[in-house]
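Residue numbers (our numbering): 587 to 690. Scroll down for the structure; my scribbles are underneath it.
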């Protein structure tokens with residue numbers, strides 16, 4: 587939902603020069619989050635699960651940085667940036683909880 591309803595419409599407003607660089611990196615980070623989450627959920631081994639969730643967490647942190655860069659370049663508004671960072675932060679908190687649960 588986040589990707590379809592909020593991120594894609596925002597990326598469509600980026601300048602053409604950024605369509606294949608910053609936009610592409612944001613999309614790829616989201617795809618890695620989805621992929622690693624699915625891989626983590628499909629394994630029973632706790633150590634592998636924790637490693638996958640850490641990869642998810644790293645990509646979520648990358649997304650926070652990429653949205654900050656987009657804001658600094660004035661590709662998106664401050665309000666939109668804060669909204670997207672809040673949503674990504676929420677995913678980060680969920681991931682942190684999953685990491686704790688997988689360690690036990």
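Glycine residues also receive a C-beta, built at the ideal position from the N, C-alpha and C atoms. Fair warning: this is a prediction, and the values are worked out from it, not measured in the lab.
Does the beta-carbon distance from residue i to residue j come in below 7 Å?
| i | j | result |
| --- | --- | --- |
| residue 635 | residue 644 | no |
| residue 674 | residue 642 | no |
| residue 600 | residue 661 | yes |
| residue 648 | residue 615 | yes |
| residue 632 | residue 688 | yes |
Out of the options, state which residue places its alpha-carbon closest to the alpha-carbon of residue i.
| i | options | result |
| --- | --- | --- |
| residue 592 | 612, 603, 601 and 604 | 612 |
| residue 672 | 646, 610, 637 and 604 | 646 |
What residue does the alpha helix (DSSP H) around residue i start on, and which one ends it?
| i | result |
| --- | --- |
| residue 616 | 608 to 627 |
| residue 601 | From DSSP, residue 601 is part of no alpha helix (DSSP H); its letter is neither H nor E. |
| residue 654 | 632 to 658 |
| residue 686 | 664 to 689 |
Are at least three pairs of beta-carbons, each pair with one atom in the region 652 to 668 and one in the region 616 to 631, less than 8 Å apart?
-> no
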